[in-house]
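A quick write-up on the structure given underneath.
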Amino acid sequence: MSIVSALDPRQGFRVEVLAIGDELLDGRVADTNTLRLAIALSDVGLKIAQRTTVTDDIEAIVREAKAIVARGAKLCVVSGGLGPTRDDVTSEAFAELLNVPMERDDAQVKRIEERLAKRGRPITDNQRKQADRPRGAETIFNPNGTAPGFALRFDGCVFVSTPGVPSEFDGMIAEAVIAPLREHAVAIEQRSLHTYGLSEGEIDARLAPLAEQFPNVRVGFRAHMPEIHVSLSARAEHTQALEGAIEFARCQLQDSVYTESREAFASVVLDKLRKAGAKLILAESCT
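With the working numbering as the guide, the letters of the sequence shown map in order to residues 230 to 516.
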């Protein structure tokens with residue numbers, strides 16, 4: 230049983246992300262991992278409270294890891310810094326955090342060598358370095374790359390470290406984080422209202438009483454100009470409250486709601502025109 234399995238999302242706890250890499254700070258690479266992680270966590274009833282991006286520096290990583298613990302996080306997903314180059318220092322940083330030596334996972338060394346040999350790639354000491362981890366940490370298998378990840382506990386917080394490469398990150402998170410959390414998770418029901426013609430502020434004002442009337446329903450807004458998408462979600466045991474909240478929102482927003490499905494605004498308009506037997510004429514006067 231992994232240390233992540235001991236976390237119960239039904240109890241609710243703080244989740245943070247620590248994204249490591251100079252490339253994330255100088256504009257070379259955008260952090261898309263956190264977006265996909267947030268979606269995956271929402272399926273088990275959790276949300277990311279904070280994301281921190283830090284440079285490839287041991288002192289900086291240690292400092293931010295301690296700050297994450299101080300903020301009360303129980304789970305922190307760490308991405309980046311596990312590759313074969315000299316600036317990949319995530320493992321060393323967490324060894325320093327725990328005040329333990331590094332150790333090499335011989336089974337992972339063998340796997341790295343076999344994977345590289347199949348691809349006809351040279352095997353170097355730098356490649357073997359990817360199998361190093363803080364002593365006592367759990368190894369996380371990487372199905373899509375050479376660098377394994379690791380998981381460890383520090384001062385009440387579980388840190389799960391993976392490479393930053395999206396395909397590797399996704400595969401490891403699915404197996405090492407989402408799968409064990411789902412063992413305890415409750416189902417989350419979510420509904421959406423797509424609106425047109427009202428501003429985000431107007432919608433928020435109309436739905437203000439909803440929080441007091443339906444405290445177990447979470448409301449979210451997303452501006453998708455010229456539309457505003459309203460999401461309402463609740464745990465499965467609060468389905469009745471969710472239905473009540475949806476009905477309340479319908480009454481408050483009235484005709485500004487154009488769909489409760491994933492239909493695009495243009496598709497809805499076209500469908501209404503067809504049903505009305507109307508024609509749409511477009512004219513261009515200049516380019």
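We put the beta carbon where it would ideally sit given N, CA and C, even for glycine.
In the DSSP assignment, the beta strand (DSSP E) including residue i goes from what residue to what residue?
i: E332; result: 331–333
i: A452; result: 447–453
i: I375; result: Position check: residue 375 holds Thr in this sequence, whereas Ile was assumed. Run containing T375: none; DSSP gives neither H nor E here.
i: R420; result: 417–425
i: A278; result: 277–283
i: T319; result: Per DSSP, T319 belongs to no beta strand (DSSP E); it is in the alpha helix (DSSP H), 319–327.
i: F388; result: 386–391
i: V498; result: Note, V498: premise wrong, no beta strand (DSSP E); alpha helix (DSSP H) at 494–504.
i: T314; result: Neither: T314 is in no beta strand (DSSP E) and is coded neither H nor E.
i: V208; result: In the structure displayed, the chain extends from 230 to 516; residue 208 sits before or after that span and is not available.
Mapping DSSP to helix, strand and coil, what is residue i?
i: A259; result: coil
i: E288; result: helix
i: H458; result: strand
i: P363; result: strand
i: L253; result: helix
i: V298; result: helix
i: F398; result: helix
i: I369; result: strand
i: V273; result: coil
i: L509; result: coil
i: A380; result: strand
i: A463; result: strand
i: L236; result: coil
Counting only the same chain and skipping the five closest in sequence on each side, list residues whose C-beta sits under 6 Å from that of residue i.
i: D237; result: H413
i: G349; result: none
i: T281; result: L247, E293
i: R435; result: Q481
i: G378; result: I369, S390, T391, M401
i: A366; result: F379, L381
i: P330; result: R364
i: G506; result: none
i: V258; result: E252
Alpha carbon to alpha carbon, what distance is there between residue j and residue i?
i: E332; j: I369; result: 15 Å
i: E397; j: T375; result: 9 Å
i: D384; j: A289; result: 18 Å
i: Q483; j: S460; result: 16 Å
i: L439; j: P455; result: 24 Å
i: D286; j: V448; result: 39 Å
i: K240; j: E321; result: The question names Lys, but residue 240 in the sequence shown is Gln. Their backbone Cα atoms lie some 32 Å apart in a straight line.
i: E343; j: I352; result: 9 Å
i: R479; j: Q469; result: 16 Å
i: F477; j: I297; result: 38 Å
i: K504; j: F242; result: 49 Å
i: V291; j: D260; result: 20 Å
i: L427; j: G393; result: 39 Å
i: E452; j: N373; result: The sequence as given places Ala at residue 452; Glu does not occur at that position. One C-alpha to the other measures close to 35 Å.
i: A299; j: N371; result: 30 Å
What span of residues does the alpha helix (DSSP H) with residue i cover, start to end?
i: C305; result: Taken as a continuous stretch (DSSP letters only), C305 belongs to no alpha helix (DSSP H), being part of the beta strand (DSSP E) at 302–308.
i: A434; result: 429–435
i: I475; result: 468–482
i: R357; result: 354–357
i: E441; result: 439–442
i: A408; result: 408–411
For residue i, collect the residues of the same chain with a Cβ closer than 8 Å to its Cβ; drop the 5 residues on either side in sequence, then sort them by chain order.
i: V244; result: L270, L275, K276, I277, A278, A302, K303, L304, C305, V306
i: A267; result: K276, I277
i: V233; result: L304, A380, V387, V389, A405, V406, P409, L410
i: V497; result: Y487, T488
Among the residues of its own chain, which have a CB less than 7 Å from the CB of residue i, if the five just before and after it don't count?
i: T284; result: D251, L254
i: P313; result: N355, Q356, K358, Q359
i: A474; result: L439, F443, V446, L461
i: S485; result: T424, Y425, G426, L427
i: I341; result: Q356, R357, Q359, A360, T375
Should residue i be flagged as near chain C, meaning a C-beta pair shorter than 7 Å?
i: D500; result: Absent from the structure is chain C; it holds one protein chain and no more.
**Q.** the segment 249–260 touching the segment 308–328, judged by at least three CB pairs closer than 8 Å
**A.** yes
(Q) Quick test of the definition: if touching needs 3 or more C-beta pairs under 8 Å, does the segment 408–423 touch the segment 326–339? (A) The segment 408–423, when compared against the segment 326–339, does not touch it at the 8 Å Cβ threshold.
Q) Are there three or more Cβ pairs, one per stretch, closer than 8 Å when the segment 385–401 is compared with the segment 440–447? A) no
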